[in-house]
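Read the structure below first, then the notes.
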Amino acid sequence: MIKKRILVIFGGQSSEHIVSCMSAVNVINNIDRDTYDVLIVGITEEGHWLLVDSVEAIQDESWRDGTVQAVLSPDATEKSVIVIDGTGIEKIKVDGAFPVLHGLYGEDGTIQGLFELAKLPYVGCGVLASAVSMDKFFTKIIADRVGVRQAAYEPVMKEEIAGTEGMAEAVKRVEARFAYPVFIKPSNAGSSRGVSKAENREQLTEGLTEAARHDRKILVEETIVGHEIECAVFGNGKEPVIASGVGEVLAAAEFYDFEAKYFNAESRTVVNPELPGDSAERVRRAAVEIFKAVDGYGLARVDFFVTKDGDVVFNEINTMPGFTAISMYPMLFEAAGISKTELVGKLIGHGMKRY
1 MIKKRILVIF GGQSSEHIVS CMSAVNVINN IDRDTYDVLI VGITEEGHWL
51 LVDSVEAIQD ESWRDGTVQA VLSPDATEKS VIVIDGTGIE KIKVDGAFPV
101 LHGLYGEDGT IQGLFELAKL PYVGCGVLAS AVSMDKFFTK IIADRVGVRQ
151 AAYEPVMKEE IAGTEGMAEA VKRVEARFAY PVFIKPSNAG SSRGVSKAEN
201 REQLTEGLTE AARHDRKILV EETIVGHEIE CAVFGNGKEP VIASGVGEVL
251 AAAEFYDFEA KYFNAESRTV VNPELPGDSA ERVRRAAVEI FKAVDGYGLA
301 RVDFFVTKDG DVVFNEINTM PGFTAISMYP MLFEAAGISK TELVGKLIGH
351 GMKRY
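Spelled out as structure tokens, the structure:
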């Protein structure tokens with residue numbers, strides 16, 4: 001059997017760069033080498049594309065010191081990675097790509113556009129689904145359209161809060177709509193980067209300022225008290241969309257921010273927690289519905305709140321969820337009897353059917 005070569009791209013220019021590196025190690029280690037050869041390319045935080053020779057180089061971070069440039073050709077007739085070193089230029093053919101990239105410039109439709117130009121099959125959602133799911137503001141518009149309940153929100157633009165007077169007006173508008181506490185979120189940022197909780201006007205001002213460092217669109221949301229629940233989905237195209245069981249996030253911090261997710265050992269996740277009534281099944285149905293509504297393909301993790309009364313409230317969708325050792329997406333499918341190696345194989349196989 002002639003093995004196909006899969007291009008794994010990781011790192012990237014987003015605030016989730018380090019998470020992408022952690023995810024890539026897990027993905028690469030679970031690619032069946034009897035079926036696929038692997039070509040690894042890392043993108044530094046500055047946007048430099050480098051050929052990476054091993055998983056160990058990712059783990060010890062030595063890949064960043066690499067000198068061999070490797071970029072994907074957009075030429076649809078080539079389907080190749082252009083490798084440039086001190087001796088010349090080489091073109092390495094690839095059959096498909098697995099973009100293990102989280103956040104901006106990886107999960108937002110940008111790299112997916114490059115794959116589309118190259119006519120290279122790839123794992124995960126397409127340009128549209130990636131873009132609208134990355135942008136929480138537009139995800140909310142779609143969720144409203146399909147009638148899924150979600151937290152009420154007030155949009156604030158970065159330009160509005162550039163001056164003292166503009167900030168005061170924005171704060172006034174938020175306070176007229178919501179009682180404290182509220183949550184402030186950049187519209188385009190993942191892993192809870194730039195997210196904060198405000199108990200008063202001073203914290204709201206600080207939170208808006210911090211969120212504006214990550215994006216020009218900001219959402220201020222009402223606080224929903226409940227279980228933080230996540231559900232993994234897979235499929236679409238010719239494959240039926242299936243949902244995993246559900247998992248609950250038990251954050252060590254007051255809410256599940258970036259530090260609590262990845263660097264606080266006391267944060268825990270529980271698979272198939274006890275929830276009120278049939279709320280777990282309603283989460284699974286809503287996850288599939290939202291995935292289809294954004295035209296999802298391949299995979300996504302859909303996040304909800306479940307209140308003590310059993311109400312299911314949509315939070316957000318992630319089209320390239322984490323694959324770290326503590327990430328919920330692979331954990332949920334593992335609980336359903338699908339190992340990481342089998343799951344990665346399914347994702348690559350599904351991506352290869354794209355064209």
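At position 147 of the sequence shown the residue is numbered 147 (UniProt numbering), and the sequence of numbers has no breaks.
Note that beta-carbon positions come from the ideal geometry of N, C-alpha and C, so glycine has one too.
Note that the coordinates shown come from a computational prediction; the quantities given were computed from them, not determined experimentally.
Of the residues the options, the one placed nearest residue i, counting alpha carbons only
{"i": "D311", "options": "A336, G337, L332, V283", "result": "V283"}
{"i": "S339", "options": "V27, M1, S15, F10", "result": "V27"}
{"i": "D295", "options": "S14, K93, A129", "result": "A129"}
{"i": "Y355", "options": "F115, M320, T110", "result": "F115"}
{"i": "S212", "options": "R5, A170, G88", "result": "One detail in the question is off: residue 212 reads as Ala in this sequence, not Ser. Of the candidates R5, A170, G88, the one whose C-alpha sits nearest the C-alpha of A212 is A170."}
{"i": "F183", "options": "T44, E334, G66, N315", "result": "N315"}
{"i": "L332", "options": "A300, L7, T35, V19", "result": "A300"}
{"i": "A287", "options": "K308, G247, D309", "result": "G247"}
{"i": "V249", "options": "V241, K346, C231, A243", "result": "C231"}
Residues near residue i in its chain [Cβ-Cβ closer than 6 Å; skip 5 each side]
{"i": "D85", "result": "V68"}
{"i": "I224", "result": "A151, F305, V313"}
{"i": "S23", "result": "V100, G322, F323, T324"}
{"i": "Y262", "result": "Legend: pLDDT at Y262 = 49, less than 50; position of this residue unreliable, value from coordinates given subsequently. Correct list: empty, nothing qualifies."}
Enclosing alpha helix (DSSP H) for residue i [first to last residue]
{"i": "A168", "result": "164–177"}
{"i": "D279", "result": "The displayed chain sequence assigns Ser, not Asp, to residue 279. Counting along the chain, the alpha helix (DSSP H) containing S279 begins and ends at 279–293."}
{"i": "P330", "result": "328–335"}
{"i": "M320", "result": "Where M320 is concerned, there is no enclosing alpha helix (DSSP H), given that its DSSP letter is neither H nor E."}
Neighbour-count burial assignment, residue i, 16 or more Cβ in a 10 Å radius
{"i": "T318", "result": "For clarity, residue 318 is Asn in the given sequence; the question names Thr instead. That one is buried."}
{"i": "R145", "result": "exposed"}
{"i": "Q59", "result": "exposed"}
{"i": "Y329", "result": "buried"}
{"i": "S62", "result": "exposed"}
{"i": "S54", "result": "exposed"}
{"i": "M1", "result": "exposed"}
{"i": "G337", "result": "exposed"}
{"i": "D303", "result": "buried"}
{"i": "N29", "result": "exposed"}
{"i": "R177", "result": "exposed"}
{"i": "T269", "result": "buried"}
Proximal residues to residue i (C-beta, below 8 Å), its chain only, five neighbours per side dropped
{"i": "K238", "result": "K353"}
{"i": "E206", "result": "S196, A198"}
{"i": "M157", "result": "R216, K217, I218"}
{"i": "R201", "result": "V171, E175"}
Enclosing beta strand (DSSP E) for residue i [first to last residue]
{"i": "C231", "result": "227–236"}
{"i": "residue 375", "result": "Nothing about residue 375 can be reported from this structure: the residues present for the chain run from 1 to 355 only."}
{"i": "V58", "result": "According to the sequence provided, residue 58 is Ile. The question's Val does not apply to it. No beta strand (DSSP E) contains I58, which is instead part of the alpha helix (DSSP H) from 55–59."}
{"i": "D37", "result": "36–43"}
{"i": "K91", "result": "88–93"}
Residue i Cβ short of 6 Å to the ligand MG heavy atom set
{"i": "D85", "result": "Questions concerning the ligand MG fall outside what the structure shown contains, since it holds no ligand whatsoever."}
Cβ neighbours of residue i in the same chain (closer than 7 Å, five flanking residues each side left out)
{"i": "F138", "result": "V132"}
>> Whether or not the stretch 128–143 and the stretch 45–53 are in contact is what I'm after, with contact meaning three or more pairs of Cβ atoms, one per stretch, closer than 8 Å; do they touch?
In response: No, the stretch 45–53 is not in contact with the stretch 128–143.
>> Does the stretch 116–131 come into contact with the stretch 88–99, if we say contact requires no fewer than three beta-carbon pairs (one atom in each stretch) closer than 8 Å?
In response: By the C-beta criterion, the stretch 116–131 is judged to be in contact with the stretch 88–99, since at least 3 inter-stretch pairs fall below 8 Å.
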